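Structure first, then comments.
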């Protein structure tokens with residue numbers, strides 16, 4: 001009977017965990033945030049305990065699993081509406097190579113060394129760091145690389161990638177510094193495009209002198 005109980009618990013928990021993962025949303029393994037990883041590890045541990053402890057009620061052991069799922073979903077919803085909370089939970093991208101120069105301060109902050117950088121560049125097919133204009137370490141740990149263009153750029157040219165200047169109604173001051181402009185310049189440009197309230201903008205990016213603006217739904 002004990003073996004039948006273990007088999008039954010295993011099958012039931014397998015289905016329960018599949019449902020929980022589906023409710024938590026779709027993500028690739030390489031894109032998991034720290035929060036996702038912690039939740040997955042804890043769910044795995046809880047499932048093992050629930051399978052092995054056949055003398056305890058299974059329903060009592062399902063309660064913390066459901067509670068953990070509810071906490072994760074709640075934090076995900078909150079982070080969708082608040083960029084600061086999202087960065088606190090998931091982290092934010094870090095520019096490791098900026099305009100062709102390695103940012104040692106940022107590398108120390110991320111506890112990321114030259115060997116890590118060179119390894120990820122090789123994995124992306126980049127054999128020479130001199131070919132890299134920008135390298136961005138994503139919150140998932142992946143490296144995004146933008147290689148130098150053959151044509152020479154002027155000092156006031158924007159980066160090779162679309163630079164977010166507004167996210168969820170909040171101005172990205174670090175990115176404005178990269179293109180040597182102020183928030184006043186940005187607000188004035190947006191007014192010329194018919195956008196008078198920064199808080200109503202979901203996303204605004206800038207590249208090659210052109211703005212892309214997406215307004216929040218009412």
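Residue numbers (full-length UniProt numbering): 1 to 218.
We put the beta carbon where it would ideally sit given N, CA and C, even for glycine.
Since we're looking at a predicted model, the values are computed, not measured.
*Return the CA-CA distance between residue 187 and residue 193, expressed in angstroms with no decimal places.*
Looking up residue 187 in the chain shown gives position 187. Looking up residue 193 in the chain shown gives position 193. Roughly 10 Å between the two C-alpha positions.
*Check whether the Cβ of residue 124 sits closer than 8 Å to any heavy atom of the ligand MN, and report yes or no.*
This structure lacks the ligand MN; in fact it carries no ligand of any kind.
*List the DSSP bridge partners of residue 149.*
Here residue 149 is taken as the residue at index 149 of the chain shown, counted from 1. According to DSSP, which records beta bridges pairwise, residue 149 is partnered with nothing at all.
*How do the region 126-137 and the region 93-100 stand: do at least 3 beta-carbon pairs fall below 8 Å, yes or no?*
yes
*State whether the region 60-79 contacts the region 101-115, with contact taken as three or more CB pairs (one from each stretch) at a distance under 8 Å.*
no
*asked:* Just to confirm the assignment, what range does the alpha helix (DSSP H) spanning residue 64 have?
replied: Here residue 64 refers to the residue found at position 64 when the chain shown is read from its first residue. That run of the alpha helix (DSSP H) goes 58-81.
_Is the beta carbon of residue 196 closer than 9 Å to that of residue 190?_
The sequence position of residue 190 within the chain shown is 190, counting from 1. The sequence position of residue 196 within the chain shown is 196, counting from 1. In this structure, residue 196 lies closer than 9 Å to residue 190 by Cβ.
*Three-state secondary structure (DSSP) at residue 198?*
Taking the chain shown and counting its residues from 1, one reaches residue 198 at position 198. Three-state result, residue 198: helix.
*Which ranges does the beta strand (DSSP E) cover as unbroken runs of at least 3 residues, wholly within the region 162-209, from first to last along the chain?*
Qualifying beta strand (DSSP E) stretches, in chain order: 163-167 and 201-207.
*Between the Cα of residue 36 and the Cα atoms of 48, 21 and 142, which residue gives the shortest distance?*
As a first step, residue 36 is located in the chain shown; it is residue number 36 there, counting from the start. Taking only the C-alpha atoms, the option nearest residue 36 is 21.
*asked:* Between which two residues does the alpha helix (DSSP H) holding residue 20 run?
replied: Here residue 20 corresponds to residue number 20 of the chain shown, with the count starting at 1. Element bounds for residue 20: 2-24.
*asked:* Measuring only the C-alpha atoms, how far is residue 54 from residue 46?
replied: Position 54 of the chain shown holds residue 54. Position 46 of the chain shown holds residue 46. Taking the straight line joining both Cα atoms gives about 13 Å.
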